[in-house]
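Peer 1: If you scroll down you'll find the structure; I have some questions about it.
Right under this line is the structure:
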């Protein structure tokens, strides 16, 4: 009965010496309390759903497009996207385990009382996440080896392209194609063939990145870094400088045009004669 010391269903209104003997915990008041704005809860829920849907839609809109790493068009980019998805689901597994333990301790107060503090640290902090983290680590290393090898492309099939970054543009040349001239802002490549980018810089550190074709590599003054990309099909792909390099950084965009073998030769001739 309410207001009977030691036997009430709520801690309000009992004698001080008997505080703590109620059968229902204080947070139970929250579930029985009816707020004055209860009639507006339906509207709040509706607006919450609309805002949540809008937020998710805005986030998903960045998963496609010319600069989306999750919309790969080549083997290297595909490997990176696959690594991203594996890491995402691995983190979901870990998050689920942590939330599950939290829910068990919250709704089942006697859960885990058989374990000491050191036992919780060993089993909950080491043993539980170790299989997932080990699997993710070995998978990341294997994908890294694949990217370093350039997708297992043979050396004789690789076309070298020199990419020189400067404030605020990219210049591309073809050392293995005699007579070719430097092109600015547009890189021509043959589809289905591995391209080795030799990234250099004339001034500050830049970073060459074509998200749909491969990873990114820094262009460092006085040093040449190498990166391999490949486009599986003819098309036009966007590229950016992914390293902040000054006030004109946002304008350091370029395009990659992947051609068929015949069209690539014509495009290179066009670059020579113009």
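In our numbering, the protein residues as written are 99 to 372.
The C-beta atom is built at its ideal place from N, Cα and C for all residues, glycine as well.
#1: I'd like the list of long-range same chain contacts for residue 360, defined as Cβ closer than 7 Å, with 5 residues on each side in sequence excluded.
#2: For residue 339, tell me which candidate among 263, 326 and 211 has the shortest Cα-Cα distance.
#3: First and last residue of the alpha helix (DSSP H) that includes residue 240?
#4: Using a Cβ distance threshold of 8 Å, determine whether the stretch 263-280 contacts the stretch 212-228, with at least three qualifying pairs required.
#5: Could I get the ranges of all uninterrupted alpha helix (DSSP H) runs contained in the stretch 167-226, with 4 residues as the minimum, in chain order?
#6: From residue 150 to residue 336, what distance separates their C-alpha atoms?
#7: Does DSSP put residue 345 in a helix, a strand or coil?
#8: What are the start and end residues of the beta strand (DSSP E) that includes residue 316?
#9: Considering only the beta carbon of each residue, do residue 331 and residue 171 sit closer than 8 Å?
#10: May I ask which residues mark the beginning and end of the beta strand (DSSP E) holding residue 335?
#11: Is the stretch 308-316 touching the stretch 267-279 in the sense that three or more CB pairs, one from each, lie closer than 8 Å?
#12: How many whole angstroms separate the CB atoms of residue 245 and residue 299, which I take to be in contact at a CB cut-off of 8 Å?
#13: Do you know how far the Cα of residue 181 is from the Cα of residue 354?
#14: Can the beta-carbon of residue 399 be found less than 8 Å from the beta-carbon of residue 259?
#15: Taking the CB atoms as reference points, tell me whether residue 352 and residue 268 lie closer together than 8 Å.
#16: Out of 350, 289, 329 and 287, state which residue places its alpha-carbon closest to the alpha-carbon of residue 303.
#17: Strictly under 8 Å for the Cβ-Cβ distance: is residue 204 near chain B by that measure?
#18: Secondary structure at residue 275, three-state DSSP: helix, strand or coil?
#19: In terms of DSSP beta bridges, what is residue 367 paired with?
#20: In angstroms, rounded to a whole number, what distance separates the CA positions of residue 177 and residue 324?
#21: Exposed or buried, residue 286, counting other C-beta atoms within 10 Å across all chains shown (16 or more means buried)?
#22: Which residue or residues does DSSP assign as beta-bridge partners of residue 263?
#23: Can you tell me the Cα-Cα spacing of residue 194 and residue 229, whole angstroms?
#24: Less than 8 Å between the beta carbons of residue 305 and residue 315, yes or no?
#25: Would you mind sorting residue 329 into buried or exposed? The rule is 16 or more other CB atoms within 10 Å of its CB.
#26: When you compare only the Cα positions, how much space is there between residue 341 and residue 213?
#27: Give me the Cα-Cα distance between residue 197 and residue 187, rounded to the nearest whole angstrom.
Peer 2: Once the coordinates are examined:
#1: Translated into positions along the chain shown, residue 360 becomes position 262. For residue 360, where only same-chain residues beyond five positions count, there are no Cβ hits under 7 Å.
#2: By 1-based counting over the chain shown, the position of residue 339 is 241. Cα-wise, what sits closest to residue 339 is 263.
#3: Stepping through the chain shown from its first residue, residue 240 is reached at position 142. Here the alpha helix (DSSP H) through residue 240 covers 228-246.
#4: no
#5: 173-205 and 215-220
#6: On the chain shown, position 52 is the one that residue 150 refers to. On the chain shown, position 238 is the one that residue 336 refers to. Straight-line spacing of the CA atoms in residue 150 and residue 336 works out to 30 Å.
#7: Looking up residue 345 in the chain shown gives position 247. If DSSP states are grouped into helix, strand and coil, residue 345 belongs with coil.
#8: Position 218 of the chain shown, counted from the start, is the residue given in the question as residue 316. DSSP places residue 316 inside the beta strand (DSSP E), whose first and last residues are 314-317.
#9: On the chain shown, position 233 is the one that residue 331 refers to. On the chain shown, position 73 is the one that residue 171 refers to. For residue 331 and residue 171, yes; Cβs fall inside 8 Å.
#10: Start at 1 with the first residue of the chain shown, and residue 335 comes out as number 237. Its beta strand (DSSP E) spans residues 333-339.
#11: The way I'd put it, the stretch 267-279 doesn't touch the stretch 308-316; fewer than three beta-carbon pairs between them come closer than 8 Å.
#12: By one-based count along the chain shown, residue 245 stands at place 147. By one-based count along the chain shown, residue 299 stands at place 201. That belief does not hold up - the Cβ atoms of residue 245 and residue 299 are roughly 22 Å apart, past 8 Å.
#13: By 1-based counting over the chain shown, the position of residue 354 is 256. By 1-based counting over the chain shown, the position of residue 181 is 83. In a straight line, the C-alpha of residue 354 is about 24 Å away from that of residue 181.
#14: No answer is possible for residue 399: the residues shown for the chain start at 99 and end at 372.
#15: Indexing the chain shown from 1 puts residue 352 at position 254. Indexing the chain shown from 1 puts residue 268 at position 170. For residue 352 and residue 268, yes; Cβs fall inside 8 Å.
#16: Position 205 of the chain shown, counting from 1, holds the residue named residue 303. Of the candidates 350, 289, 329 and 287, the one whose C-alpha sits nearest the C-alpha of residue 303 is 350.
#17: No chain B appears in the structure shown, which is made up of a single protein chain.
#18: If you number the chain shown from 1, residue 275 lands on position 177. In this structure, residue 275 counts as coil in the three-state DSSP scheme.
#19: Indexing the chain shown from 1 puts residue 367 at position 269. Beta-bridge pairing by DSSP links residue 367 to no other residue.
#20: By 1-based counting over the chain shown, the position of residue 177 is 79. By 1-based counting over the chain shown, the position of residue 324 is 226. In a straight line, the C-alpha of residue 177 is about 18 Å away from that of residue 324.
#21: Indexing the chain shown from 1 puts residue 286 at position 188. Buried is the call here.
#22: Taking the first residue of the chain shown as 1, we reach residue 263 at position 165. In the DSSP assignment, residue 263 is bridged to 268 and 299.
#23: Counting from one through the chain shown, the residue named residue 194 turns up at place 96. Counting from one through the chain shown, the residue named residue 229 turns up at place 131. Residue 194 and residue 229: Cα-Cα distance of roughly 14 Å.
#24: The sequence position of residue 305 within the chain shown is 207, counting from 1. The sequence position of residue 315 within the chain shown is 217, counting from 1. Yes; because the gap between Cβ atoms is below 8 Å, this pair is in contact.
#25: As a position in the chain shown, residue 329 is number 231, starting the count at 1. It is buried - the Cβ of residue 329 has at least 16 other Cβ atoms within 10 Å.
#26: Against the chain shown, residue 341 aligns to sequence position 243. Against the chain shown, residue 213 aligns to sequence position 115. Computed Cα separation, rounded: 49 Å.
#27: One-based indexing of the chain shown puts residue 197 at position 99. One-based indexing of the chain shown puts residue 187 at position 89. Rounded to the nearest whole angstrom, the CA to CA distance from residue 197 to residue 187 is 15 Å.
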